[in-house]
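J.:
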Amino acid sequence: MLTKFETKSNRVKGLTFHPKRPWILASLHSGVIQLWDYRMGTLIDRFDEHEGPVRGVHFHNSQPLFVSGGDDYKIKVWNHKTHRCLFTLLGHLDYIRTVQFHHENPWIVSASDDQTIRIWNWQSRTCISVLTGHNHYVMCASFHPKEDLVVSASLDQTVRVWDIGSLKKKSVSPADDLMRFTQMNSDLFGGVDAIVKYVLEGHDRGVNWASFHPTLPLIVSGADDRQVKLWRMNETKAWEVDTLRGHMNNVSSVMFHAKQDIIVSNSEDKSIRVWDATKRTGIQTFRREHDRFWILAVHPEINLLAAGHDNGMIVFKLERERPAFAVSGDSLFYVKDRFLRYYECSTQKESQVIPIRRPGTPSLNQSPRTLSYSPTENAVLICSDLDGGSYELYIIPKESVGRSDVVQDAKRGTGGSAVFIARNRFAVLEKSTSQVLVKNLKNEVVKKSALPIPTDAIFYAGTGNLLCRSEDKVVIFDLQQRLVLGELQTPFVRYVVWSNDMESVALLSKHTIIIASKNLSSSARFMRQYV
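As structure tokens, this is what we get:
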């Protein structure tokens with residue numbers, strides 16, 4: 001898990017990402033709704049007109065609106081530009097669990113402890129349908145991303161799928177008086193706006209959450225029986241596909257990832273679990289020590305998720321998206337889809353060089369983190385976070401470029417970072433002792449050297465030199481003479497880029513770029529501005 005942003009607050013019960021801006025809304029058990037910029041880590045606004053916990057919140061996908069629902073039985077529609085509540089929708093007779101805008105129509109769907117689901121027209125500010133049938137609290141309800149369907153989950157141990165196709169027809173203004181008269185008659189004599197299409201039974205306890213797949217005819221649900229269930233549906237029926245077991249307490253929320261073939265769930269057992277949706281097996285588990293999880297949100301466009309817990313929320317990625325790469329002259333080496341690949345900038349030709357073996361159990365974070373290249377020896381060092389930090393050394397035979405069938409044995413070792421420092425020498429960081437081991441291409445140690453600062457990563461800084469990174473500064477260190485050549489206070493540096501003549505270096509932090517001379521004696525800082 002790569003945590004991008006974290007807050008501390010009262011218990012977070014509702015979360016929603018803005019589809020375009022780097023914003024997230026968090027609704028709290030205290031009754032406050034917070035609007036955060038997760039990229040800058042700042043609180044933009046707060047809204048506190050609800051009385052009691054606010055459990056549901058959702059951004060509109062195109063208007064400057066969001067909707068909230070709380071324990072005060074009220075649904076409120078807000079304009080976040082004008083910072084005010086536009087109106088309140090009344091009708092539910094108990095706590096409101098979730099609220100959601102329709103992706104196309106001017107509708108809101110709400111789920112309540114009064115055992116009903118309501119669909120509202122937020123433009124006319126009226127309730128246009130009440131979906132009855134559950135006989136216990138309705139814990140969540142949501143629209144299908146494309147079809148005229150609603151899925152709901154209830155403590156009556158069922159998941160229901162509702163067909164709202166006729167509601168869509170009804171909401172279109174009738175063209176003539178005859179149609180209007182026919183519609184009035186059907187309303188008087190019990191016309192139905194929404195019908196139950198499927199009742200999914202299989203959970204042994206109350207169901208807390210159910211979600212549609214963004215593109216496939218699948219539903220995922222989570223319940224107090226500690227199970228996550230996968231369901232498939234067609235035009236005539238729906239059935240259980242599999243059960244995912246592993247949570248040790250009530251499953252609070254479960255969703256399909258927007259971009260990857262995975263399922264993410266969280267639970268009162270203080271864990272977030274990631275499952276392979278095809279193989280239906282667990283991939284990863286992330287735990288908190290003291291905080292139960294209550295809600296998940298998946299960003300609709302990018303690889304971001306959020307989870308709300310007892311003391312705040314986290315925004316995170318499951319894996320890195322930036323590939324490990326190295327530039328050498330006109331060539332770019334990078335790792336993608338378990339292959340070392342080669343790209344020639346002048347001809348724009350790409351080819352596979354060698355397959356990269358990734359041993360061990362399935363994990364999302366097996367992708368390499370850094371890559372270092374020695375052009376004279378045609379050697380590549382690939383570093384990853386496996387086993388607490390490890391590297392693989394490949395000597396690339398010329399004939400293997402472009403051939404995917406060549407299997408190259410790698411020399412392996414452990415270390416926090418590994419970079420070439422000379423034609424046939426590379427340095428490996430031992431984090432625990434803050435020293436580097438200098439090795440040859442046979443992977444044999446030829447020298448050891450203590451580093452001048454506690455170091456968590458090393459970067460190339462010219463032949464025989466290392467740039468050592470700590471939490472708040474960087475140091476240029478000459479390994480041969482064991483001398484500090486330069487030192488600079490910096491925010492936490494993520495990436496280091498040298499100019500072609502090695503006279504200048506760019507140090508990239510989350511919100512800052514520092515351009516410095518090769519000995520770090522002079523520098524200029526550029527702060528990232530968000531509009």
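Numbering (UniProt numbering), first residue to last: 1 to 531.
Glycine included, every Cβ here is placed at the ideal spot set by N, Cα and C.
Quick one, which of V475, N303, H290 and T82 has its alpha-carbon nearest F17's?
T.: Among V475, N303, H290 and T82, the Cα nearest to that of F17 belongs to N303.
J.: By alpha-carbon positions, which one of N249, I263 and Y373 ends up nearest to M255?
T.: Closest option to M255, Cα to Cα, is I263.
J.: Measure the C-alpha to C-alpha separation of E289 and S9 and round it to an integer number of angstroms.
T.: Taking the straight line from one Cα to the other gives about 16 Å.
J.: Quick one: any contact between the region 155-162 and the region 134-147, if contact means 3 or more CB pairs under 8 Å?
T.: The region 155-162 is in contact with the region 134-147.
J.: Excluding sequence positions up to five away, which residues of its chain have a Cβ less than 7 Å from the Cβ of M1?
T.: Taken in chain order, the residues that qualify are F286, F316 and L318.
J.: If distances are taken between C-alpha atoms only, which option among G202, S166 and S129 comes closest to S154?
T.: Considering only alpha carbons, the answer is G202.
J.: Look at the alpha carbon of S265 and the alpha carbon of I515, and state the distance between them as a whole number of angstroms.
T.: Rounded to the nearest angstrom, the two C-alpha atoms are 43 Å apart.
J.: Hey, how far is the Cα of A461 from the Cα of A422?
T.: Looking at the two C-alpha atoms, the distance is approximately 11 Å.
J.: State the DSSP-derived secondary structure class of G462, mapped to helix, strand or coil.
T.: Correct three-state label for G462: coil.
J.: Quick check on this structure: which residue in R338, A111, S253 and L90 has the alpha carbon closest to the alpha carbon of R125?
T.: Ranking the options by Cα distance to R125, first place goes to L90.
J.: Let me confirm a value: W120 is counted as buried when at least 16 other C-beta atoms fall within 10 Å, else exposed. Which label applies?
T.: With 16 or more Cβ atoms within 10 Å of its Cβ, W120 is classed as buried.
J.: Rounded to whole angstroms, what's the CA-CA distance from L15 to R320? Just pull it up for me.
T.: Those two C-alpha atoms are separated by around 23 Å.
J.: Give a yes or no on whether the C-beta atoms belonging to P106 and W122 are separated by under 8 Å.
T.: Yes.
J.: The beta strand (DSSP E) spanning I295 covers which residue range?
T.: Element bounds for I295: F293 to V298.
J.: When the distance is taken between beta carbons, is G31 closer than 8 Å to P53?
T.: Their beta carbons are under 8 Å apart, which means P53 touches G31 by this criterion.
J.: Out of E377, N208 and V151, which has the shortest C-alpha to C-alpha gap to K197?
T.: Closest option to K197, Cα to Cα, is V151.
J.: Considering only the beta carbon of each residue, do H92 and F143 sit closer than 8 Å?
T.: Cβ atoms of H92 and F143: not closer than 8 Å.
J.: For residue 534, which residues of its own chain have a beta-carbon under 6 Å away from its beta-carbon, when the five flanking residues on both sides are left out?
T.: Look at the range of the chain in this structure, 1 to 531, and you will see that residue 534 is not part of it.
J.: For a test of the three-state rule: what should DSSP assign to G388, helix, strand or coil?
T.: G388 falls in the helix class under three-state DSSP.
J.: Distance check for E49 and L167, CA to CA, integer angstroms please.
T.: Approximately 31 Å, taken between the alpha carbons.
J.: Would the beta-carbon of P19 fall within 8 Å of that of F47?
T.: The answer is no: Cβ separation not under 8 Å.
J.: Starting from Q227, trace the beta strand (DSSP E) both ways and give me its first and last residue.
T.: Q227 to M233 is the span of the beta strand (DSSP E), which, as asked, contains Q227.
J.: Taking only three categories from DSSP, how would you classify S166?
T.: If DSSP states are grouped into helix, strand and coil, S166 belongs with the helices.
J.: With T278 and D261 assumed to form a contact (beta carbons below 8 Å), what rounded beta-carbon distance in angstroms separates them?
T.: Indeed, because the Cβ distance is near 6 Å, the residues count as touching under 8 Å.
J.: Looking at C-alpha atoms only, which residue of E444, E503 and A450 is the closest neighbour of T463?
T.: If we check each option's Cα against that of T463, E503 comes out closest.
J.: In angstroms with no decimal places, state the Cα-to-Cα distance between V335 and Y73.
T.: Spanning the two alpha carbons is a distance of roughly 53 Å.
J.: Of the residues S384, I476 and V99, which one's Cα is nearest the Cα of T485?
T.: According to the sequence provided, residue 485 is Leu. The question's Thr does not apply to it. Comparing Cα positions, the closest option is I476.
J.: For a test of the three-state rule: what should DSSP assign to Y137, helix, strand or coil?
T.: In the structure shown, Y137 sits in coil (DSSP, three-state: anything other than H, G, I, E or B).
J.: In whole angstroms, what is the alpha-carbon distance linking D148 and K169?
T.: The straight-line gap from Cα to Cα measures roughly 11 Å.
J.: Using a Cβ-Cβ cut-off of 6 Å (strictly less than) and excluding sequence neighbours within five positions of F459, which residues of its own chain qualify?
T.: Correct list, in chain order: L467 and V496.
J.: Whole angstroms is fine: what's the gap from R180's alpha carbon to E104's?
T.: Unreliable positioning characterises R180 in this predicted model, as indicated by a pLDDT of 45, which lies under 50. The coordinate reading is nonetheless provided below. The straight-line gap from Cα to Cα measures roughly 24 Å.
J.: What does a CB cutoff of less than 6 Å around V438 pick up in its chain, not counting 5 residues either side in sequence?
T.: Hits under 6 Å: R425, A427, V446 and K447.
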